[in-house]
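Each protein sequence line maps, in turn, to chains A and B. So that you can map any letter, position 90 of the first sequence is 90 in this note's numbering, and since no number is skipped, the others follow by simple counting. So that you can map any letter, position 4 of the second sequence is 282 in this note's numbering, and since no number is skipped, the others follow by simple counting. Below: one structure, written as structure tokens.
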Amino acid sequence: MIEIQNLSFGYKKRKLLYKNLNLKLEAGSIYGLLGKNGAGKSTLLKNFIGLLFPKGGSISVNGFEPKKRWPSFLETIYFIPEEVYVPALTVEAYKNLFSPFYPSFNEQQFYSYLEQLDVHDKGKLNSLSFGQQKKFIIAFALACNTKVLLLDEPTNGLDIPSKIKFRKLIASVFTDDKLIFISTHQIRDLDNLIDRVIIVDNGELLLNASVGDISEKLCFKTVSELTRPDEILYSEESLKGFSIVTKNINAEESKVNLEHLFNAITEKPILAKAIFQN
Amino acid sequence: MQMFGFTGLIFLFILIVYYLMKTFVGFQAAQNLSFLWGLVGGDFILASFMFNYFSSTASGSSYLTLPVSNFEKWLCAIVISCILYPLIFMVFYRIMDAGFVAAYHNSLDPNDPYYKIRYDAVYLLSFTGNPARQFYPMFLIFSGMMLIGSLYFNKVALVKVALVICLFFFGIYGLNYLFARMMFSNIDDAFPFQHVAILVGKESGAVELPKNVHDPIWYFINFGLPAILFAVSFIRLREKEF
Numbered sequence: 001m002i003e004i005q006n007l008s009f010g011y012k013k014r015k016l017l018y019k020n021l022n023l024k025l026e027a028g029s030i031y032g033l034l035g036k037n038g039a040g041k042s043t044l045l046k047n048f049i050g051l052l053f054p055k056g057g058s059i060s061v062n063g064f065e066p067k068k069r070w071p072s073f074l075e076t077i078y079f080i081p082e083e084v085y086v087p088a089l090t091v092e093a094y095k096n097l098f099s100p101f102y103p104s105f106n107e108q109q110f111y112s113y114l115e116q117l118d119v120h121d122k123g124k125l126n127s128l129s130f131g132q133q134k135k136f137i138i139a140f141a142l143a144c145n146t147k148v149l150l151l152d153e154p155t156n157g158l159d160i161p162s163k164i165k166f167r168k169l170i171a172s173v174f175t176d177d178k179l180i181f182i183s184t185h186q187i188r189d190l191d192n193l194i195d196r197v198i199i200v201d202n203g204e205l206l207l208n209a210s211v212g213d214i215s216e217k218l219c220f221k222t223v224s225e226l227t228r229p230d231e232i233l234y235s236e237e238s239l240k241g242f243s244i245v246t247k248n249i250n251a252e253e254s255k256v257n258l259e260h261l262f263n264a265i266t267e268k269p270i271l272a273k274a275i276f277q278n
Numbered sequence: 279m280q281m282f283g284f285t286g287l288i289f290l291f292i293l294i295v296y297y298l299m300k301t302f303v304g305f306q307a308a309q310n311l312s313f314l315w316g317l318v319g320g321d322f323i324l325a326s327f328m329f330n331y332f333s334s335t336a337s338g339s340s341y342l343t344l345p346v347s348n349f350e351k352w353l354c355a356i357v358i359s360c361i362l363y364p365l366i367f368m369v370f371y372r373i374m375d376a377g378f379v380a381a382y383h384n385s386l387d388p389n390d391p392y393y394k395i396r397y398d399a400v401y402l403l404s405f406t407g408n409p410a411r412q413f414y415p416m417f418l419i420f421s422g423m424m425l426i427g428s429l430y431f432n433k434v435a436l437v438k439v440a441l442v443i444c445l446f447f448f449g450i451y452g453l454n455y456l457f458a459r460m461m462f463s464n465i466d467d468a469f470p471f472q473h474v475a476i477l478v479g480k481e482s483g484a485v486e487l488p489k490n491v492h493d494p495i496w497y498f499i500n501f502g503l504p505a506i507l508f509a510v511s512f513i514r515l516r517e518k519e520f
């Protein structure tokens, strides 16, 4: 559904943010793109939707070249940027104006999602709080039923109950013919939501694996003492000792901790790559 | 709504300009200046709203990702700024002009010996005669420049484009004057691509471009340049990254 071949991109010609990036994303998964601030997460999303153009290589989304921004392409993909824009319209007027551009838009779903996210029709949209505006756009985007949904830091500006509702909603609307791609640095917000993890750092793809794969190859546990430090990808002092991430040699079952995974992969990228290549 | 509001303000401004000019300078100056400002100036401001979405990341992204082709987005801007606005303005102008001219005619005394002369001195501004015809290419050029400018300058495009135009105009004017000074010592005035006025004693005479040079330049400025500007604005929108 999204295929990237040898992608090179940079805001300056001499300083490329991505160089020869290859990535294939299939429908039926919720991808979580994790990266530090300035790692190029939003840049990657903007390349997917055609807001930025690759300097080299190619991107194919739903069989289209995003750069051309054909309407037939744009109606199959919805991008929610970190900061959303809502015009001075009511919920009804917004729906009437913009929904015709999306052939699979479902009005019933739209109102149901608004209800679930606690967005109530209170006059013009631009008078709503930032969080409410964001929830409104999320509800609209989901009701558009596009094949690809790109979300850039979707939980920024949402309060804790709204974050939970957002996770529940995304999980409930997800179907096998869709691809949801969430970029965030607030890793905990994606817990129990994503089924594939992509980690980028310094313009390099460090990890692209399913949560199942990760729990199979890595072990997340708490130990009282640090033994064999060379086998530990990441360790952090905790109340009960040390929370560590190691290679899963003994096929132990453990719950993936996204925050620890991210730290492990970014701190020891070579070791992590070796583990996941096998 | 914002555009309607600004169009209303522009019309109000033009009404005031017309009234003040008519009162303190004269009818002809009022008609010409208000038409020039309304058509060229008003459209210049309005054109700056066409791609105003790029003033913020959120609205710019939303605009570019709306499932409408680049051509349709561009065409929408052209239709509003270069067809709808001038049409509405000209209707407004005709009503305003007719009102002022009728008021003037009604204020004249039919028994006045100069009644006929005074009556004939003021008529409606012709949209097909001079100087209105000279304003149309200006309107298209300024509109095209603003459309391109607002695609290059994401923030305060109106001010930035106005500055660029001023710099460009004064640059060309200065360069033209400099070249003319190098060739003639007694220059009175010089206007780019048009004439150089030379003082001979107390008289001033204009050296104009020969017809075979003037005509292609005239056609280029009137038709070619606006077409190029609009084409460039479309290409820029198509290539716009945000």
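All C-beta atoms in this analysis are idealised placements derived from N, C-alpha and C, irrespective of residue type, glycine included.
| query | With DSSP run on the structure shown, which of helix, strand or coil describes glycine 57 of chain A? | reply | The answer is strand: DSSP assigns glycine 57 of chain A an E or B state.
| query | chain B partners of valine 84 of chain A, CB-CB under 7 Å? | reply | Under a criterion of Cβ atoms nearer than 7 Å, the residues of chain B adjacent to valine 84 of chain A are, in order, Ala336.
| said: Here's a check: name, in chain order, each residue in its chain whose Cβ is nearer than 6 Å to the Cβ of alanine 396 of chain B, leaving out the five neighbours to either side. | reply: Position check: residue 396 of chain B holds arginine in this sequence, whereas alanine was assumed. Excluding sequence neighbours, arginine 396 of chain B sits near Leu386.
| query | Which of the three DSSP states, helix, strand or coil, is assigned to alanine 88 of chain A? | reply | Coil, per DSSP.
| query | Should cysteine 144 of chain A be labelled buried (16 or more other beta-carbon atoms within 10 Å of its own) or exposed? | reply | Buried is the call here.
| field | glutamate 519 of chain B: contacting residues in chain A (beta-carbon distance under 7 Å) | value | Those are Leu51, Leu52 and Phe53, listed as they occur along chain A.
| With DSSP run on the structure shown, which of helix, strand or coil describes isoleucine 465 of chain B? | Reduced to three states, the DSSP call for isoleucine 465 of chain B is strand.
| For chain B, is any of its Cβ atoms less than 7 Å away from the one on leucine 45 of chain A? | No, leucine 45 of chain A lies away from the interface with chain B (no Cβ there is under 7 Å from its Cβ).
| 7 Å Cβ cutoff met for aspartate 321 of chain B and tyrosine 382 of chain B | Here aspartate 321 of chain B is not near tyrosine 382 of chain B, since their CB atoms are 7 Å or more apart.
| What do you get for glycine 40 of chain A, buried or exposed, if any count of 16 or more other CB atoms within 10 angstroms of its CB means buried? | Under the 10 Å beta carbon count, glycine 40 of chain A is surrounded by 16 or more other beta carbons and is classified as buried.
| field | Within-7 Å CB hit, serine 359 of chain B to chain A | value | Chain A, which has no Cβ nearer than 7 Å to the Cβ of serine 359 of chain B, makes this no.
| query | Would the beta-carbon of leucine 477 of chain B fall within 7 Å of that of aspartate 466 of chain B? | reply | Taking 7 Å as the Cβ cut-off, leucine 477 of chain B and aspartate 466 of chain B qualify as a contacting pair.
| message | Helix, strand or coil for glutamate 65 of chain A? Go by DSSP, reduced to three states. | response | Annotated three-state conformation of glutamate 65 of chain A is coil, per DSSP.
| request: For tyrosine 102 of chain A, return the contacting residues in chain B, with the cut-off set at a CB-CB distance below 9 Å. | output: By Cβ distance, chain B contributes Pro345.
| query | Would phenylalanine 48 of chain A pass as a contact of threonine 343 of chain B if the rule is Cβ separation under 7 Å? | reply | With a cutoff of 7 Å on beta-carbon distance, phenylalanine 48 of chain A and threonine 343 of chain B are scored as not near each other.
| task | Can you tell me the Cβ-Cβ gap for glutamine 116 of chain A and valine 86 of chain A, rounded? I've got them flagged as a contact below 8 Å. | result | Glutamine 116 of chain A to valine 86 of chain A, Cβ: 19 Å. No contact.
| task | Determine the closest residue to isoleucine 450 of chain B out of B:Phe462, B:Gln306 and B:Phe469, with distance taken between C-alpha atoms. | result | Comparing Cα positions, the closest option is B:Phe469.
| task | Check the Cβ-Cβ distances between serine 428 of chain B and every residue of chain A, and say whether any is below 7 Å. | result | It does not; no Cβ of chain A falls within 7 Å.
| Which residue from B:Asn432, B:Leu425, B:Phe457 and B:Met460 puts its Cα closest to that of isoleucine 443 of chain B? | Nearest to isoleucine 443 of chain B by C-alpha distance, out of B:Asn432, B:Leu425, B:Phe457 and B:Met460, is B:Leu425.
| Where threonine 301 of chain B falls, given that 16 or more other Cβ within 10 Å makes a residue buried | Threonine 301 of chain B comes out exposed.
| query | What residues of chain E sit near methionine 279 of chain B, judged by a beta carbon separation below 8 Å? | reply | The structure shown contains no chain E; its protein chains are A and B.
| request: Along the alpha helix (DSSP H) that carries cysteine 354 of chain B, what are the first and last residues, could you check? | output: It spans 348-356 - the alpha helix (DSSP H) in which cysteine 354 of chain B sits, taken as one unbroken run.
| request: State the DSSP-derived secondary structure class of isoleucine 138 of chain A, mapped to helix, strand or coil. | output: In this structure, isoleucine 138 of chain A counts as helix in the three-state DSSP scheme.
| query | Can we say the segment 215-226 of chain A touches the segment 235-249 of chain A, given the rule of at least three CB pairs closer than 8 Å? | reply | They touch, by the three-pair rule.
| Per-residue contacts from leucine 342 of chain B into chain A (C-beta, under 8 Å) | Within chain A, the residues Gly50, Leu51 and Arg69 have their CB atoms less than 8 Å from the CB of leucine 342 of chain B, given in chain order.
| Ends of the alpha helix (DSSP H) at arginine 516 of chain B? | From DSSP, the alpha helix (DSSP H) with arginine 516 of chain B extends over 503-516.
| request: Check the Cβ of glutamate 75 of chain A against every Cβ in chain B and list those closer than 8 Å, keeping chain order. | output: By Cβ distance, chain B contributes Pro345.
| C-alpha gap between tryptophan 352 of chain B and glycine 10 of chain A, whole angstroms | Distance from the CA of tryptophan 352 of chain B to the CA of glycine 10 of chain A, rounded to the nearest whole angstrom, comes to 27 Å.
| query | Does the beta carbon of proline 81 of chain A sit closer than 7 Å to a beta carbon anywhere in chain B? | reply | Closer than 7 Å: yes.
| Nearest to isoleucine 164 of chain A (by Cα), restricted to the options A:Lys255, A:Lys135, A:Asp177 and A:Ser183 | Comparing Cα-Cα distances from isoleucine 164 of chain A to each of A:Lys255, A:Lys135, A:Asp177 and A:Ser183, the minimum goes to A:Lys135.
| task | Output the residue ranges of the beta strand (DSSP E) runs that lie fully inside the segment 137-183 of chain A and measure 3 residues or longer, sorted by chain position. | result | Assignment of beta strand (DSSP E) within the segment 137-183 of chain A, counting only whole runs of 3 or more residues, yields 148-152 in chain order.
| query | By the 10 Å Cβ neighbour count, where 16 or more other Cβ atoms means buried, how is proline 494 of chain B classified, buried or exposed? | reply | By the neighbour-count rule (16 or more Cβ atoms within 10 Å), proline 494 of chain B is not buried but exposed.
| query | What residues are listed by DSSP as bridge partners for cysteine 219 of chain A? | reply | Paired residues: A:Thr246.
| Does the segment 245-252 of chain A come close enough to the segment 208-219 of chain A to have 3 or more Cβ pairs within less than 8 Å? | Contact holds: three or more Cβ-Cβ distances are below 8 Å.
| said: Quick check on the DSSP output: the alpha helix (DSSP H) that includes leucine 429 of chain B runs from which residue to which? | reply: Unbroken alpha helix (DSSP H) run through leucine 429 of chain B: 410-430.
| task | Express the C-alpha separation of aspartate 121 of chain A and alanine 509 of chain B in angstroms, rounding to a whole number. | result | Rounded to whole angstroms, alanine 509 of chain B to aspartate 121 of chain A spans 42 Å at the Cα level.
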